[in-house]
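Chains as they are written, first to last, in the working numbering: chain A, 474 to 851; chain B, 474 to 851. The structure appears below as structure tokens.
Number of protein chains: 2
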Amino acid sequence: MKFLHTADWHIGKKIKGYSLLEEQLEAYEQVLHIADKHQVEAVVIAGDLYDRSVPSVEAIELFNQMVQTINLEKRWPLLAISGNHDSAIRLEAGGPWYEATQFHLNTRLAQAFKPIVLGNTQFFLLPYFEPFEARQYFEDESLKTIQTAMERVVEEMTAQFDPNYQHVLVAHFFAAGSERSDSETAVTVGGLDNVSVSLLEEHFDYVALGHLHNRHALHNETVKYSGTLLKYSLSEVNQKKGVWIVTLEDGKVTLEFEPIKPLRDVEVIEGSFSELLSPEFYEKVNRDNYLGVRLTDREVIPNVMNQLTKVYPKIIQLDRVNGRDRQSISSMSQSDLQKQDPLTLFGDFFKEMTESPLSEFQQTVLTETIQLTNKEGE
Amino acid sequence: MKFLHTADWHIGKKIKGYSLLEEQLEAYEQVLHIADKHQVEAVVIAGDLYDRSVPSVEAIELFNQMVQTINLEKRWPLLAISGNHDSAIRLEAGGPWYEATQFHLNTRLAQAFKPIVLGNTQFFLLPYFEPFEARQYFEDESLKTIQTAMERVVEEMTAQFDPNYQHVLVAHFFAAGSERSDSETAVTVGGLDNVSVSLLEEHFDYVALGHLHNRHALHNETVKYSGTLLKYSLSEVNQKKGVWIVTLEDGKVTLEFEPIKPLRDVEVIEGSFSELLSPEFYEKVNRDNYLGVRLTDREVIPNVMNQLTKVYPKIIQLDRVNGRDRQSISSMSQSDLQKQDPLTLFGDFFKEMTESPLSEFQQTVLTETIQLTNKEGE
Numbered sequence: 474m475k476f477l478h479t480a481d482w483h484i485g486k487k488i489k490g491y492s493l494l495e496e497q498l499e500a501y502e503q504v505l506h507i508a509d510k511h512q513v514e515a516v517v518i519a520g521d522l523y524d525r526s527v528p529s530v531e532a533i534e535l536f537n538q539m540v541q542t543i544n545l546e547k548r549w550p551l552l553a554i555s556g557n558h559d560s561a562i563r564l565e566a567g568g569p570w571y572e573a574t575q576f577h578l579n580t581r582l583a584q585a586f587k588p589i590v591l592g593n594t595q596f597f598l599l600p601y602f603e604p605f606e607a608r609q610y611f612e613d614e615s616l617k618t619i620q621t622a623m624e625r626v627v628e629e630m631t632a633q634f635d636p637n638y639q640h641v642l643v644a645h646f647f648a649a650g651s652e653r654s655d656s657e658t659a660v661t662v663g664g665l666d667n668v669s670v671s672l673l674e675e676h677f678d679y680v681a682l683g684h685l686h687n688r689h690a691l692h693n694e695t696v697k698y699s700g701t702l703l704k705y706s707l708s709e710v711n712q713k714k715g716v717w718i719v720t721l722e723d724g725k726v727t728l729e730f731e732p733i734k735p736l737r738d739v740e741v742i743e744g745s746f747s748e749l750l751s752p753e754f755y756e757k758v759n760r761d762n763y764l765g766v767r768l769t770d771r772e773v774i775p776n777v778m779n780q781l782t783k784v785y786p787k788i789i790q791l792d793r794v795n796g797r798d799r800q801s802i803s804s805m806s807q808s809d810l811q812k813q814d815p816l817t818l819f820g821d822f823f824k825e826m827t828e829s830p831l832s833e834f835q836q837t838v839l840t841e842t843i844q845l846t847n848k849e850g851e
Numbered sequence: 474m475k476f477l478h479t480a481d482w483h484i485g486k487k488i489k490g491y492s493l494l495e496e497q498l499e500a501y502e503q504v505l506h507i508a509d510k511h512q513v514e515a516v517v518i519a520g521d522l523y524d525r526s527v528p529s530v531e532a533i534e535l536f537n538q539m540v541q542t543i544n545l546e547k548r549w550p551l552l553a554i555s556g557n558h559d560s561a562i563r564l565e566a567g568g569p570w571y572e573a574t575q576f577h578l579n580t581r582l583a584q585a586f587k588p589i590v591l592g593n594t595q596f597f598l599l600p601y602f603e604p605f606e607a608r609q610y611f612e613d614e615s616l617k618t619i620q621t622a623m624e625r626v627v628e629e630m631t632a633q634f635d636p637n638y639q640h641v642l643v644a645h646f647f648a649a650g651s652e653r654s655d656s657e658t659a660v661t662v663g664g665l666d667n668v669s670v671s672l673l674e675e676h677f678d679y680v681a682l683g684h685l686h687n688r689h690a691l692h693n694e695t696v697k698y699s700g701t702l703l704k705y706s707l708s709e710v711n712q713k714k715g716v717w718i719v720t721l722e723d724g725k726v727t728l729e730f731e732p733i734k735p736l737r738d739v740e741v742i743e744g745s746f747s748e749l750l751s752p753e754f755y756e757k758v759n760r761d762n763y764l765g766v767r768l769t770d771r772e773v774i775p776n777v778m779n780q781l782t783k784v785y786p787k788i789i790q791l792d793r794v795n796g797r798d799r800q801s802i803s804s805m806s807q808s809d810l811q812k813q814d815p816l817t818l819f820g821d822f823f824k825e826m827t828e829s830p831l832s833e834f835q836q837t838v839l840t841e842t843i844q845l846t847n848k849e850g851e
């Protein structure tokens with residue numbers, strides 16, 4: 474059994490307002506090419522197909538095109554699950570019809586226990602779920618955490634194991650011991666969302682995970698994140714993105730990483746304001762990329778963002794790496810802050826953020842609003 | 474060829490905040506029963522499947538259940554189009570897979586010219602479209618109105634006619650000469666959205682229309698609205714709702730109307746306040762229905778709505794059929810109105826609507842807001 478493992482497509486994702494649909498289409502075409510090259514027997518997408526529960530129509534059009542090409546045109550079996558970013562119910566509309574062409578899109582916990590058999594392998598497709606859904610499904614109030622729920626889920630799955638087949642789990646959660654990136658949504662805090670890796674590797678020949686955007690988030694031979702197809706935040710700037718080609722033979726896993734070359738990369742540039750605006754500097758930068766700008770100057774630069782975006786149109790973050798010269802609100806002590814009146818505080822904050830003071834009209838509106846708020850509290 | 478013609482399901486519709494999902498499920502079950510009884514060869518839904526372009530997940534669940542039962546369980550061919558209330562792209566996700574089981578869901582103009590052949594009949598499924606889509610599709614800038622566009626559309630369809638078959642058009646628009654109800658969305662004004670009926674009846678043996686909620690909106694033997702399954706506004710209170718059973722033999726149409734009995738009806742009651750609250754009156758009313766209340770009193774009744782909803786929980790409109798006693802703002806002359814200051818005007822209006830005066834805090838907020846607005850205009 475040879476299949477392609479990808480996850481976290483987040484179709485429709487924007488970075489700081491910039492739509493990534495073009496980049497996503499381009500990355501997806503590379504996925505097709507890779508699957509073709511390796512003559513895979515299936516394509517696995519481990520959740521977060523869309524970026525939002527209610528995707529835009531443009532995102533829906535792109536996603537429809539993707540799955541139609543994979544499944545109807547290329548005729549690859551397509552095994553997918555919903556992730557925490559997806560609306561299970563919005564996704565599942567065509568589900569019962571998809572199965573006729575080996576497109577299996579599981580969005581409900583109840584579907585996870587019917588293995589999909591391809592060649593010599595049983596695939597278990599477990600959509601993202603929350604503990605309360607496990608409590609309802611198993612009618613067991615003791616399933617308080619995702620770990621206890623997963624123990625029950627795995628027990629139910631292994632009961633369906635045919636020992637003559639290999640066993641693959643496709644799932645979407647946080648595996649204990651993994652490292653997070655900035656662009657993922659932390660579902661819960663304090664370890665409640667952790668699933669222990671030993672539970673997974675003990676029973677399955679391979680576990681195709683989604684949720685974390687870094688394929689190196691977890692160090693394990695057979696329990697793997699694929700990571701995203703593209704960098705979705707500055708914290709992913711040094712990650713190499715791509716997909717896994719997974720070969721399973723006699724329960725033995727062989728992995729091959731196939732990189733995806735982004736249409737526009739996410740990159741960090743650093744320098745003084747004058748350096749960044751000098752041709753010697755910017756001619757070496759791919760200025761079509763999404764850029765995090767690290768500014769080394771300390772002084773106030775009026776209209777800094779406007780001036781920079783004339784040269785670098787897609788700035789997604791601007792940092793002052795050496796801090797700033799004048800005293801800023803954030804550096805004032807708590808007790809100093811409490812001594813200031815709200816109008817002064819807001820005015821300072823506004824000036825710090827926009828590098829220009831409040832206009833007369835803005836001051837008037839603010840004054841009236843503060844008076845009104847005070848009155849309401851009386 | 475015998476088929477069931479329905480339209481304008483508006484799944485997820487609310488009347489004045491009341492969800493109608495329960496009523497819609499119940500009506501749909503009657504549709505199943507009727508289709509069973511008549512042993513139809515197909516079910517036709519002529520647009521407005523959903524009430525909104527982004528339906529709620531509850532609406533999606535109900536709709537999925539409906540089409541799965543009709544097409545996968547009952548195995549009736551299902552011919553449907555998107556209406557002006559539907560988002561074509563949100564609907565079409567599973568489209569290419571649906572066709573394998575004779576579920577044809579057309580959402581794009583381009584799909585309308587490939588006839589669906591069932592038995593001895595060619596069905597043309599024309600989704601709701603706007604003239605600009607026809608201009609794009611035909612690359613013809615002269616198609617300014619829906620009428621000129623439809624002439625071109627019909628020409629294109631008739632080119633696909635097999636003379637050995639009967640021809641049915643399924644469409645969703647306003648046919649010239651029809652009467653509107655309150656709950657429909659007028660797409661354009663001034664007649665630009667009209668399609669002449671003669672164009673339709675000339676070429677098709679039967680035209681299954683959606684859009685208007687009253688099946689009697691158009692008086693024609695072979696071009697028919699089915700109307701909604703349920704009453705969706707007070708203006709529909711006297712309409713009998715249901716579906717058409719259409720039998721086509723040698724191009725001859727036989728129609729049978731099958732009524733739907735609503736779980737909760739929309740009804741109008743009329744009387745004085747004291748009459749309406751007397752057991753002799755209300756015990757004769759089905760108080761679980763959605764009610765338009767026509768109050769005959771002229772005097773001010775404090776808290777009138779609160780008192781009435783204790784007896785009639787689902788009031789969707791309250792009218793004073795004989796007007797009211799005291800002078801109201803609406804009866805003041807334009808010049809009188811202009812003499813009043815905004816605070817007084819708003820206070821009077823508030824009192825008229827709620828039958829209680831502005832509180833001190835409300836007066837303060839209003840005063841400040843008016844001052845602020847005046848300042849902004851300076």
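Positions of the beta carbon are idealized from the N, C-alpha and C atoms, including for glycine.
Going straight from the alpha carbon of residue i to that of residue j, what length do you get?
i, j, result
"residue 545 (chain B)", "residue 534 (chain B)", "16 Å"
"residue 543 (chain B)", "residue 528 (chain B)", "20 Å"
"residue 756 (chain A)", "residue 774 (chain A)", "23 Å"
"residue 518 (chain B)", "residue 552 (chain B)", "6 Å"
"residue 606 (chain B)", "residue 582 (chain B)", "7 Å"
"residue 650 (chain A)", "residue 691 (chain A)", "7 Å"
"residue 504 (chain A)", "residue 673 (chain B)", "48 Å"
"residue 696 (chain B)", "residue 599 (chain B)", "14 Å"
"residue 802 (chain A)", "residue 839 (chain A)", "With a pLDDT of 49 at residue 802 (chain A), under the threshold of 50, the modelled position of this residue cannot be trusted; read the value that follows with caution. When rounded, the distance between both Cα atoms is 19 Å."
"residue 688 (chain A)", "residue 714 (chain A)", "8 Å"
"residue 668 (chain B)", "residue 618 (chain B)", "9 Å"
"residue 524 (chain A)", "residue 484 (chain A)", "6 Å"
Would you say residue i faces chain A, with C-beta separation under 7 Å as the test?
i, result
"residue 516 (chain B)", "no"
"residue 567 (chain B)", "yes"
"residue 845 (chain B)", "yes"
"residue 570 (chain B)", "yes"
"residue 537 (chain B)", "yes"
"residue 530 (chain B)", "yes"
"residue 649 (chain B)", "no"
"residue 833 (chain B)", "no"
"residue 484 (chain B)", "no"
"residue 841 (chain B)", "yes"
Could you tell me whether any Cβ in chain B is nearer than 7 Å to the Cβ of residue i?
i, result
"residue 546 (chain A)", "no"
"residue 541 (chain A)", "yes"
"residue 681 (chain A)", "no"
"residue 527 (chain A)", "yes"
"residue 573 (chain A)", "yes"
Figure out for me which residue from the options has the closest Cα to the Cα of residue i.
i, options, result
"residue 591 (chain B)", "B:793, B:549, B:617", "B:549"
"residue 475 (chain A)", "A:610, A:503, A:509, A:486", "A:509"
"residue 683 (chain B)", "B:496, B:537, B:556, B:765", "B:556"
"residue 868 (chain A)", "A:488, A:577, A:764", "Examination of residue 868 (chain A) is not possible in this model, given that chain A is present from 474 through 851 alone."
"residue 834 (chain A)", "B:823, B:573, B:847", "B:847"
"residue 781 (chain B)", "B:613, B:795, B:765", "B:765"
"residue 514 (chain B)", "B:478, B:652, B:523, B:520", "B:478"
"residue 732 (chain B)", "B:743, B:753, B:579, B:699", "B:699"
"residue 728 (chain A)", "A:644, A:693, A:759", "A:693"
"residue 779 (chain A)", "A:795, A:771, A:746, A:762", "A:746"
"residue 685 (chain A)", "A:830, A:647, A:604, A:704", "A:647"
"residue 572 (chain B)", "B:634, B:560, B:540", "B:540"
"residue 853 (chain A)", "A:754, A:744, A:760", "Nothing in the structure corresponds to residue 853 (chain A), since chain A is present only between 474 and 851."
"residue 602 (chain B)", "B:561, B:724, B:712, B:798", "B:561"
Where are the alpha helix (DSSP H) runs, 4 residues long or more, that stay fully inside the region 761 to 788 of chain B, in chain order? 777 to 784
How do the region 700 to 714 of chain A and the region 623 to 632 of chain A stand: do at least 3 beta-carbon pairs fall below 8 Å, yes or no? no
List, from N- to C-terminal side, the alpha helix (DSSP H) runs of 4 residues or more that fit wholly inside the region 526 to 561 of chain B. 530 to 540
Okay, do the region 809 to 818 of chain B and the region 782 to 793 of chain B touch, 3+ Cβ pairs below 8 Å being the bar? no
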